[in-house]
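Have a look at the structure below before the remarks.
The structure is reproduced here in structure tokens:
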């Protein structure tokens, strides 16, 4: 038997499924040559998962802690059986197998960017430092990363909270830049509209678009306060107000701001933005959907109903080098950093 | 006031929404310079819509007919208020405005490829030729097409049922061919895997991939009978059996058939195929999701969990020239035609 890059060799039950679909993983600490073991410092539970546990246990911290421990011991991973979701973790690389392609070495402080739902995990301190209140869980133990995994070193020059907030959305700027570059390579400097431009993924996507060669960047925001915020951060050539759920209003706002867009990036987590995104995009253009509230059928049928020849991309959270690229944008662009820091201060 | 290419000028209520979202459209017969009026011959009701109406009226044909008439009279379009769905229609072009970009002229027999949910419609014969039983509704009246609409001439050399079956899925081969060509243009002859290769959209996509320059085509089917059917049609270089909902099994089957695929085309309407499609696609490859059962979040999170650098496309049902292209494939390839005819005979 050899190890599988996606971790099939760690699946205990049911046999033959991917780690994310498994009921139970083998979280034993000995690593295969292509694996990495991490000494865990902190788990960040997925918000939906924590909320479910808190409600199920009436907010009793001790009971919530026991429930989390029980899940990890039973499943060999932190995957809430009700919500199906996990979270991510921060720790220090303990051992990296000689064949691991992840590019980390012992002592590196890292965050995992793949979900806890597929990460073998053992806890050794009974989570005694955690009061069970809140999604941030100080923890001791170890986690295993497979060859096909995603991990990012935490930069020394940034606060961990800031780095984690950037990593959480780093797929969006990387894919936006890639799509913009594909236009530039064809000799077209595209107009790029980012719906939800003042948010975390949106602001990074605006900077990525500009850096990658957009002719014009348009930030779309829903309320005046966000407009002022994005304007003072100076991340878009034009900032415009529109309700993204209203296709006609959105298309007009983008048009008036110098559109239609060659590339539309959807970064707002509200349902019903598909038709507006399509309608505000030029024929032959591209829509990238990063919002998890996107409806596949609304996008497909909406484009057909509007006879819109647009390429529609499912925003993949993984693009090689995405975390480093997002960090570079944050460092290079004070406006983005300011937005992130002010959002962190609000949380 | 001028007419809007997407039909905003025909929206009576609520104001400012797209025709598909409207409660009521203006279906009056006078056309704007960029519109087309069609003399209706037959409505094809959406299957889900007909089923709902039949159940609501206990299968009473007269009551179902009255319900359909009532919807069309009230709304100015055939959009089932419960299911939200419509269908399409067949008719003859009655008048084409001088500014219409649709390329049709009076006397052309056509099918509309945009949904009835956004097509202004008036019925003049009380649907008296329809017994209310079944989705095919002989009808007299008129329908209006906007500038941004999709309409296809019914070829003289093919039975209407066959043409309509092809038109129903014609977006898939057109987009598949476009993506294959984008690889060929970069000097790569791609391996193309079509999941659900023996179905209507799947078989056309296989032929499109081969015609556009694929190095190898792999048809994935779920059962032995479909395998034999696809093999005897000779539409794929290799036909392989796999359950597309089982990512590990699917990836292995595609690998054994000469994969991983550079391009994976998902044409099976069953939920849960996202991870398998991603896992059986090579790094840097492309997945095109045509199945309406696709979950946006399963695709996005699945690719991230597998650290898969794949481009994922929402299968847009509209690509310019898609209906003519699909008809050409059908005419040129007896294997596709045979599959379609045998499926029609089964229905």
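Residue numbers (the UniProt record's numbering), protein chains in the order written: chain A, 1 to 347; chain B, 1 to 347.
Just so it is clear, CB atoms sit at the ideal spot from N, CA and C, and this is done for glycine as well.
- When Cβ pairs closer than 8 angstroms are counted between the two stretches, the segment 135 to 145 of chain B is seen not to touch the segment 299 to 310 of chain B, the count staying below three.
- In the structure shown, residue 93 of chain A falls within a strand segment according to DSSP collapsed to helix, strand and coil.
- Per DSSP, reduced to three states, the secondary structure at residue 31 of chain B is coil, with no helix or strand assignment.
- Burial state of residue 88 of chain B is buried, judged by a 10 Å Cβ sphere holding 16 or more other Cβ atoms.
- At a cut-off of 9 angstroms between C-beta atoms, residue 269 of chain A does not count as an interface residue with respect to chain B.
- Interface with chain A (9 angstroms Cβ-Cβ cutoff): residue 180 of chain B is excluded.
- Annotation note: the segment 21 to 85 of chain A contains the following uninterrupted beta strand (DSSP E) runs of length 3 or greater, listed N- to C-terminal: 36 to 45.
- For secondary structure counted as the alpha helix (DSSP H) over 4 or more consecutive residues, the segment 227 to 288 of chain A holds these complete runs in sequence order: 247 to 256, 274 to 279.
- Distance check between residue 164 of chain A and each of A/90, A/333, A/17 places A/90 closest, using alpha-carbon atoms only.
- Below the 7 angstroms Cβ cutoff, chain B contributes no neighbours of residue 135 of chain A, its closest Cβ being approximately 18 angstroms away.
- With the criterion set as a beta carbon lying under 8 angstroms from some beta carbon of chain B, the members of the segment 307 to 329 of chain A are 307, 308, 309, 310, 311, 312, 313, 314, 315, 316, 317, 318, 319, 320, in sequence order.
- In this structure, the CA atom of residue 218 of chain A is about 5 angstroms from the CA atom of residue 193 of chain A.
- The beta-carbon separation of residue 120 of chain B and residue 27 of chain B, rounded to 4 angstroms, stays under the 8 angstroms limit for a contact.
- Checking the DSSP bridge columns, you'll see residue 153 of chain A partnered with A/110.
- Within a 10 Å sphere around the beta-carbon of residue 238 of chain B sit 16 or more other beta-carbons, which makes this residue buried.
- Residue 58 of chain B counts as exposed, since fewer than 16 other beta carbons sit within 10 angstroms of its beta carbon.
- Here residue 110 of chain A has 38, 90, 91, 92, 93, 104, 151, 152, 153, 154 as same chain residues with Cβ atoms under 8 angstroms from its own Cβ, once five neighbours each way along the sequence are excluded.
- Close partners of residue 303 of chain B in chain A (Cβ separation under 9 angstroms): 314, 316, 317, 318.
- Membership of residue 173 of chain B in the alpha helix (DSSP H) is indicated by the continuous run 171 to 185.
- Here DSSP, grouped into helix, strand and coil, assigns residue 122 of chain B to strand.
- In the DSSP assignment, the residues bridged to residue 136 of chain B are B/44.
- Straight-line measurement puts the Cα of residue 189 of chain B at about 16 angstroms from the Cα of residue 257 of chain B.
- Under the Cβ criterion of 9 angstroms, residue 262 of chain A is not counted among the residues facing chain B.
- Within the segment 151 to 170 of chain A, no residue has a Cβ lying closer than 7 angstroms to any Cβ of chain B.
- At least one C-beta of chain B is nearer than 9 angstroms to the C-beta of residue 148 of chain A.
- Among the CB atoms of chain A, one or more fall inside 9 angstroms of the CB of residue 275 of chain B.
- Here the segment 133 to 140 of chain A does not lie against the segment 172 to 184 of chain A, with fewer than 3 beta-carbon pairs under 8 angstroms apart.
- In the DSSP assignment, the residues bridged to residue 142 of chain B are B/39, B/122.
- With respect to residue 118 of chain B, residue 77 of chain B sits close: the two C-beta atoms are nearer than 9 angstroms.
- Inclusion of residue 316 of chain A and residue 312 of chain B in the CB contact set at 9 angstroms is warranted, their separation being smaller than that value.
- Using a CB distance cut-off of 9 angstroms, residue 88 of chain A does not count as an interface residue toward chain B.
- Boundaries of the beta strand (DSSP E) around residue 12 of chain B: 11 to 13.
- Interface annotation, residue 249 of chain A: in contact with chain B, CB-CB separation under 9 angstroms.
- Linking residue 175 of chain A to residue 319 of chain A through their CA atoms gives a straight-line distance of about 7 angstroms.
- Cβ contact annotation for residue 300 of chain B (same chain, cutoff 8 angstroms, sequence separation greater than five): 312, in chain order.
- When the beta-carbon positions are compared, residue 333 of chain B and residue 250 of chain B stay at least 9 angstroms from each other.
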